[in-house]
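Rendered as structure tokens:
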């Protein structure tokens, strides 16, 4: 159902759009992992607001990943 709605909304083949979305989400997750490593894990140079912002971003990306997996399958 999500794929059908996505295809109807985008006007593009659903598999193509879902695949692109999945690929972009994987790239975002990879970049976020590097950011998390630098800011949260090695927090001696990071202020608490920045660390919390990265954690908030991490939670949001996790929600996005869940949505993309529902549309396309595992990222």
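In our numbering, the protein residues as written are 4 to 78.
Glycine included, each C-beta is placed from N, C-alpha and C at the ideal position.
Note that the structure is a prediction, hence the values are computed from the model and not measured.
- Restricting attention to 47, 34 and 29, the CA atom closest to the CA of residue 68 is found in 29.
- Here residue 61 is near residue 35, since their CB atoms are less than 8 Å apart.
- In the displayed model, residue 49 falls within coil according to three-state DSSP, outside both helix and strand.
- The beta carbon of residue 71 sits closer than 7 Å to those of 24, 25, 28 and 78, all from its chain and outside the five residues before and after it, given in chain order.
- Sequence-distant partners of residue 13 (beyond 5 residues in either direction) whose C-beta falls short of 6 Å from its own C-beta, in its chain, are 20.
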